[in-house]
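S.K.: One structure follows; several queries about it will come next.
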Amino acid sequence: MNRFNRPIAFTVSWKKIIWIGLIIGALLAGIVIFLKPYGGEDYDMPYGTWRLAGYIFPVLAALLLLHPAEMSLYKRQNKRWYILNELFYLFISSWLCISFSSIYNFYVVNDLSGYNLSTYLDFLWIFAPPYLPIIVPLLALLRANYGSIVIDQSAPKESSLVLEGENKSEKIELEWKEFVMAQAQQNYVRVLINRTDGLEEQLIRSSLSRIAAQVPQAVQVHRSYLVNLDYLERVQGNARKREMTFNISVEPIPVSPKYFEALGSLLSDSSR
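In terms of this note's numbering, the sequence shown has 120 at position 9, counting the first letter as 1, and numbering is strictly consecutive.
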């Protein structure tokens, strides 16, 4: 399947976004204060250490400014966040952090006036690049750590489905209530269907991401499995092996760590 269309954890909480901004901003400020790159030992402005410590604020402001936009996209995608979304976010957020830091560096750290495009480009091409290999991976790591997957069961479910393969003449027609799961198998997808006369398996030449786009109400609990949560019975396992079991005679399937937590929360909420 197309790995860029795989759902991943998303950081919803404003509080966690603030923590991420503070951590990254503090790291940036610490590098500038203690490692003194670009001749920082000659920096002797009044309250110089406090000015340098203030690099926390442009980073924090950039992440807070971007959060409403990413939240809007997240909700439009039925509370799903994909690798492609995250890559685009990392690019935009890094650019905003650099841009805000450039303005802060000019007006606060160096107490200058007359900021212009040339000033910005100098900062962008000369001063910013050494920090990106540190800041971007840390931002991605913190978002993955603080993020979670939410399973939205409120989305409308189409009753009738038509799954099309790469060859448009290859189709599987079924009802949503009959769809149990789809499993990626090299160049094919195995579709398990709960017909009135028993379980039925069909192979269709496609990618799992293509099938997922045709069954938006299904949930991809693992990189190789797309399931109908109406058939969920329980989740079980430990840190090394996590499984989802079905309420019909189907073998348990593996579950990714983030979905293990989300499914556990879903079962807990439904039992109340």
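Ideal Cβ placement from N, Cα and C applies to all residues, glycine included.
1. Do you know how far the Cα of W192 is from the Cα of P118?
2. For R162, count neighbouring C-beta atoms within 10 Å of its own C-beta (all shown protein chains included) and say buried if the count is 16 or more, exposed if not.
3. Rounded to the nearest angstrom, what separates K369 and F217 at their Cα positions?
4. Tell me, which residues are paired with M427 by DSSP?
5. Looking only at its own chain, which residues have a Cβ that is under 8 Å from the Cβ of R353, when we skip the five neighbours before and after it?
6. Going by CA-CA distance only, name the one from L310, Y336, S317, I167 that's closest to S280.
7. If you drop the 5 nearest sequence neighbours on each side, which residues of the same chain put their C-beta closer than 8 Å to that of R383?
8. To which residues does DSSP link K282 through a beta bridge?
9. Report the start-end ranges of each alpha helix (DSSP H) in the region 167-216 that is 4 residues or longer and not cut off at the edges.
10. With a threshold of 16 other CB atoms inside 10 Å of the CB of P169, please say whether the residue is buried or exposed.
11. In angstroms with no decimal places, state the Cα-to-Cα distance between V123 and D308.
12. Provide the residue span of the beta strand (DSSP E) that contains L314, from first to last.
13. Looking at the secondary structure, which residues open and close the alpha helix (DSSP H) in which R162 lies?
14. In the DSSP assignment, find the unbroken beta strand (DSSP E) run with G348 in it and report its ends.
15. Nearest CA to the CA of A164: which residue from G141, L174, E181, K186?
16. Would you identify the three-state DSSP class for S259, choosing helix, strand or coil?
17. Would you tell me roughly how many angstroms separate the C-alpha atoms of K147 and L175, rounded to the nearest one?
18. Can you name the start and end residues of the alpha helix (DSSP H) that R321 belongs to?
19. Among E312, Y299, E311, which residue has its Cα nearest to the Cα of L319?
20. Could you check whether A120 and G258 sit closer than 7 Å to each other, using their CB atoms as the reference points?
M.R.: In terms of the structure at hand:
1. Between P118 and W192, the C-alpha separation is close to 5 Å.
2. That one is buried.
3. The alpha-carbon separation between K369 and F217 amounts to approximately 42 Å.
4. With the chain running from 112 to 383 in the structure shown, residue 427 is simply not present.
5. Counting only residues of its own chain and dropping the five nearest sequence neighbours on each side, R353 has a CB closer than 8 Å to the CB of V346, Q347, P365, V366, S367, P368, F371.
6. Checked all of L310, Y336, S317, I167; the closest Cα to S280 is S317.
7. Since pLDDT at R383 reaches only 48, below the 50 mark, its modelled position is unreliable, and the value read off the structure follows with that caveat. Around R383, the same chain offers no residue with a beta carbon nearer than 8 Å, after the five sequence neighbours per side are excluded.
8. Partner(s): E275.
9. DSSP runs (the alpha helix (DSSP H)) wholly in the region 167-216: 167-187, 194-215.
10. Per the 10 Å Cβ criterion, buried.
11. Approximately 43 Å, taken between the alpha carbons.
12. Annotation for L314: the continuous beta strand (DSSP E) segment containing it runs 309-316.
13. Its alpha helix (DSSP H) spans residues 159-164.
14. For G348, the enclosing beta strand (DSSP E) begins and ends at 343-348.
15. For the options G141, L174, E181, K186, the alpha carbon positioned closest to that of A164 is the one of G141.
16. DSSP places S259 within a strand segment (E or B) once states are collapsed to three.
17. Approximately 27 Å, taken between the alpha carbons.
18. Run containing R321: 319-325, per the alpha helix (DSSP H) assignment.
19. Cα-wise, what sits closest to L319 is Y299.
20. A120 is positioned such that its CB atom lies closer than 7 Å to that of G258.
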